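Encoded as structure tokens, the structure appears first; notes follow it.
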Amino acid sequence: DFLWLDTEEPHRSRRLEIMKKHPEVTKLMGYEPLTKYIVFGVVALQIAVSVLLAKYHVKWSSPLFLILAYVIGGTANHNLFLAIHEITHNLAFPRVWQNKTLAIFANLPIGIPYAAAFKKYHIEHHKFLGQDGIDTDLPTNLELYLNNVLGKVFFATFQILFYALRPTFVRAQALTSWHFLNILAVLASDYAICTLFGSTPLMYSSQVSLLVVSTLVQVTSSPNTTSGIVKTKKLTATMVGGTLSLITSNMITNIMIFRQFRGRDFRS
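In short: position in the sequence shown from 1, add 66, done, that's the working numbering.
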């Protein structure tokens, strides 16, 4: 069975304790004006690399393609995943609609529309942290059967699939105009890429398959993946730091200290 606790959820009390001991941290609260520029740059990087691969007819199975997908594509898409996380907390702009728009834009190179749905699920995850049936970050009873070496390897390898599909089974949400806008924008982007840079099937088009493969790579074998696993699972780990903290937007530090229980972060 899972580890169940009857103690209070610790984030609020820990936040108050930290602010009492170190009031200077309040200066770090608020939206980050540089986020939008980083997102624009990373999206442009993904598109540029994809266009160059298509232009020079680099096959999706070639060593060069796989290396670029792992080193550049995987890292860039992981950065966009974490950027969408920060934007979900309304930390890129002062207005909610601006953050939602930027999140959809950051979603484009990932190839699968998810930013709008992620926002609602993730806000509920923070508001109802640890509450079974509402917090969809919690593993399901079915995932208990993976409690062995092979099961854990399988879970870690395909963690993104569990993370993406679990909410639809645990707590379905009603679609809004933002969901449809997200879907339309990503599908239109995918169609434009195929039309302009390759007519072959998605996985054989060096333009699109970089975006698809890099998404799969970044959430399976990339060292960046640990940030998501450490965040949601009961592990003993040190703080992510150094160069990787730039890629992951210092997500673990932000969640643990600065982003909890702030009203403006939870506006929908």
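Cβ atoms here follow ideal geometry from the backbone N, Cα and C, with glycine treated the same way. All figures in this text were calculated on a predicted structure; none of them were measured in a lab.
Cβ-Cβ distance between residue i and residue j below 8 Å
i, j, result
"Pro-179", "Asn-143", "no"
"Thr-154", "Lys-185", "yes"
"Gly-264", "Arg-237", "no"
"Val-115", "Ile-138", "yes"
Cα-Cα separation between residue i and residue j, rounded to whole angstroms
i, j, result
"Ala-251", "Gln-239", "20 Å"
"Val-109", "Asn-213", "37 Å"
"Leu-241", "Gly-140", "29 Å"
"Thr-206", "Glu-74", "22 Å"
"Glu-190", "Ser-128", "42 Å"
"Ser-271", "Asp-72", "Residue placement at Ser-271 cannot be trusted, given a pLDDT of 40 that sits under 50; the coordinates are not used to answer."
"Arg-232", "Tyr-211", "15 Å"
"Lys-65", "Ala-182", "For residue 65 there is no data in the structure shown, the boundaries of the chain being 67 and 334."
"Arg-81", "Gln-197", "20 Å"
"Leu-118", "Val-105", "20 Å"
"Leu-195", "Asn-165", "23 Å"
"Ile-113", "Ala-230", "24 Å"
"Ala-120", "Phe-224", "28 Å"
"Trp-126", "Leu-262", "17 Å"
"Thr-101", "Thr-167", "13 Å"
"Leu-111", "Ala-222", "28 Å"
"Leu-208", "Pro-76", "27 Å"
"Trp-244", "His-188", "15 Å"
"Trp-335", "Ile-226", "Nothing about residue 335 can be read from this structure; the chain reaches only from 67 to 334."
"Ser-255", "Glu-90", "43 Å"
"Cys-260", "Gly-107", "22 Å"
"Phe-68", "Leu-204", "10 Å"
"Arg-78", "His-192", "11 Å"
"Val-219", "Phe-228", "13 Å"
"Thr-202", "Leu-134", "33 Å"
"Leu-132", "Trp-163", "37 Å"
"Tyr-136", "Asn-145", "13 Å"
"Tyr-122", "Val-215", "43 Å"
Simplified DSSP state of residue i, which is helix, strand or coil
i, result
"Asp-198", "coil"
"Tyr-122", "coil"
"His-88", "coil"
"Arg-80", "helix"
"Ser-271", "The pLDDT assigned to Ser-271 is 40, lower than 50, so where the model puts this residue is not dependable, and the model offers no usable value."
"Ala-230", "helix"
"Asp-256", "helix"
"Lys-166", "helix"
"Gln-225", "helix"
"Ser-128", "coil"
"Phe-68", "coil"
"His-190", "The sequence as given places Glu at residue 190; His does not occur at that position. Helix at Glu-190."
"Thr-154", "helix"
"Leu-210", "helix"
"Gln-112", "helix"
"Thr-242", "coil"
"Tyr-103", "helix"
"Phe-171", "helix"
"Ile-138", "helix"
"Thr-73", "coil"
"Gly-217", "helix"
"Ile-57", "Residue 57 lies beyond the range of the chain shown here (67 to 334); nothing can be said about it."
"Phe-159", "coil"
Discussion item. Below 8 Å, how does it come out for the segment 72–89 and the segment 140–155: are there three or more Cβ pairs, yes or no?
Written reply: Here the segment 72–89 makes no contact with the segment 140–155; the two share fewer than three CB pairs at distances below 8 Å.
Worksheet entry | At least three beta-carbon pairs within less than 8 Å, the segment 242–249 to the segment 156–174 | Enough Cβ pairs lie closer than 8 Å, so yes.
Item to complete: For the segment 157–166 and the segment 94–112, state whether three or more C-beta atom pairs, one from each stretch, are separated by less than 8 Å.
Response: Counting C-beta pairs closer than 8 Å gives three or more between the segment 157–166 and the segment 94–112, which meets the contact rule.
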